[in-house]
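Below you'll find the structure, written out as structure tokens, and then a few comments.
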Amino acid sequence: MSAIGVVGLALNLHAYDFVSQEIRATEDLEFETFYTKNILLNEGIRGRDQETTGFAWWAGNARLINLSGKLLGAHVAHAGLIVFWVGAMNLFEVAHFVSEKPMYEKGLILLPHLATLGWGVGPRGEVADTFPYFVSGVLHLISSAVLGFGGIYHAVIGPETLEESFPFFGCTWKDKNKMTTILGIHLILLGLGAFLLVFKALYFGGLYDTWAPGGGDVREITNLTLSPSIIFGYLLKSPFGGEGWIASVDNLEDIVGGHVWLGSICARRVFVWSGEAYLSYSLGALSIFGFTACCFVWFNNTAYPSEFYGPTGPEASQAQAFTFLVRDQRLGANIGSAQGPTGLGKYLMRSPTGEIIFGGETMRFWDLRAPWLEPLRGPNGLDLGKLKKDIQPWQERRSAEYMTHAPLGSLNSVGGVATEINAVNYVSPRSWLSTSHFVLGFFFFVGHLWHVGRARAAAAGFEKGIDRDTQPVLSMTPLN
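Residue 482, in the working numbering, is where the sequence shown stops; the numbers in between run on with no holes.
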């Protein structure tokens, strides 16, 4: 139930005045039945009941399609709820922060985003100051209070429609000029948000770069990628195999450059012009966002650094192979020639393209790129000389940590990673975030299909929705 539904119901229980009327439920006199319909006499609850809107209370904001003032209140209240959750959860994570453990082991999902923006972190992703996180939480709570009061005002006290008192803020769904104005304002605000990230990266301290030498650090971006062939080339990549579509981006220059383009692009929709059509467009866009975020958080360790979100699945698998290679090499094993039970290389072998890769079950992830592993590569894959002489302590520590924090959720072994050590008490934030975004993206997609069908049906002039005439509920005894 929407926020406005709760507020409206609570404040208007005393205002219900009805008159009952007998309504014939069927035209067949042999099976003539009646049901009772309550006719509303009190206009104070108009827009919140089925009689005046055509929608029951559980339909949420659909009841407010023609009440622009109340719809504004619902939107503002909804924004307040979202911002309140962010602020409260932010402070909750700050209160439970333990500096001795990595963020992903504590199950944090908000602080990693702040750390990725360069707040409060130093070399190798170590948190140096939690005060910026506290400030973020407090600012969100204060903002939620302002939005909450605004939502309650417009939902309960303010005018039902804005067209008479505030024509600039009023709207008619079929007015294309007004709709594009509203759409333009939204796009401008989203563009400003994208530019805020750009300014943070360029001028206000920079972003955390997991690829910085020595294991990652915060740095300012000095050489943006603005070439359209590079930025839009990601969209033309295959989503399969080693291509990875836009989730294959592996440097901050491309990520920040992409936000410059996002903040600059203009668009105009030219399809069906109705409230339900706009809703379907929005749900479709959110669905794409959800599926894209799912792919990014699961596969990408640049936009979602493993120092904060935990290793990706391939990264954990490669980390285990690397950890055992380091151990056995110290015990005297010849990692270049040792064979496993199948006769293939026990520690190292060749990829399909001839590169030197890790052997064993992790061979399936041979094309992984990770900041802790790349310094050990040469022109032909892993460099045997570097593996024997140049492995640094921080690389050993990081791989050992990643090995036992795979995001795979298995009780035995998947992809060569022994996950049972942490499978009960540890769930990777990558698992949480990717799964939730996939599920939400799917439901948004279903909502998009539902509403776009209704919008197209209404535009075409035939009956929208489900035929109600034969519903069994019409012949049932009313609950009251």
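Built from N, CA and C at the ideal position, the CB exists for glycine as well.
Values in this document were obtained by computation on a predicted structure and should not be read as measured data.
Paired residues, beta bridge with residue i - DSSP
i, result
"residue 347", "341"
"residue 360", "350"
"residue 210", "220"
"residue 129", "123"
"residue 379", "384"
Classification of residue i by the beta-carbon crowding that lies within 10 angstroms, buried from 16 upward
i, result
"residue 184", "exposed"
"residue 43", "The predicted model places residue 43 with a pLDDT of 39, which falls under 50 and marks its position as unreliable; any figure quoted below should be read in that light. Residue 43 should be labelled exposed."
"residue 366", "exposed"
"residue 211", "buried"
"residue 98", "exposed"
"residue 453", "buried"
"residue 403", "buried"
"residue 479", "exposed"
"residue 472", "exposed"
"residue 441", "exposed"
"residue 336", "exposed"
"residue 131", "exposed"
"residue 85", "buried"
"residue 388", "exposed"
Residue from the options with nearest C-alpha to residue i
i, options, result
"residue 314", "79, 119 and 408", "408"
"residue 485", "139, 303, 343 and 120", "This structure does not reach residue 485, given that the chain is present from 3 up to 482, and the question cannot be answered."
"residue 326", "285, 370 and 397", "397"
"residue 290", "151, 447, 62 and 356", "447"
"residue 137", "157, 115, 89 and 105", "89"
"residue 264", "192, 156 and 54", "192"
"residue 218", "278, 124, 450 and 173", "124"
"residue 74", "248, 358, 252 and 150", "150"
"residue 205", "216, 145, 226 and 237", "226"
"residue 120", "65, 222 and 171", "222"
"residue 333", "390, 92, 235 and 316", "390"
"residue 145", "87, 198 and 172", "87"
"residue 106", "157, 428 and 85", "428"
"residue 167", "200, 70 and 220", "70"
"residue 2", "357, 230, 458 and 104", "Shown here, the chain extends from 3 to 482; a query on residue 2 therefore has no answer."
"residue 374", "199, 309, 157 and 201", "309"
Short Cβ contact (7 Å threshold) for residue i with residue j
i, j, result
"residue 322", "residue 405", "yes"
"residue 378", "residue 384", "yes"
"residue 516", "residue 276", "No answer is possible for residue 516: it lies beyond the span of the chain, which begins at 3 and ends at 482."
"residue 128", "residue 72", "no"
"residue 311", "residue 432", "yes"
"residue 164", "residue 172", "yes"
"residue 400", "residue 278", "no"
"residue 228", "residue 259", "yes"
Whole-angstrom C-beta distance between residue j and residue i, which should lie under 8 Å
i, j, result
"residue 77", "residue 296", "Contact doesn't hold; Cβ gap of about 26 Å is too wide."
"residue 299", "residue 436", "5 Å"
"residue 203", "residue 209", "5 Å"
"residue 372", "residue 303", "6 Å"
Check: residue i C-beta below 6 Å from any heavy atom of the ligand GTP
i, result
"residue 68", "Of ligands this structure carries none, so the ligand GTP is not represented either."
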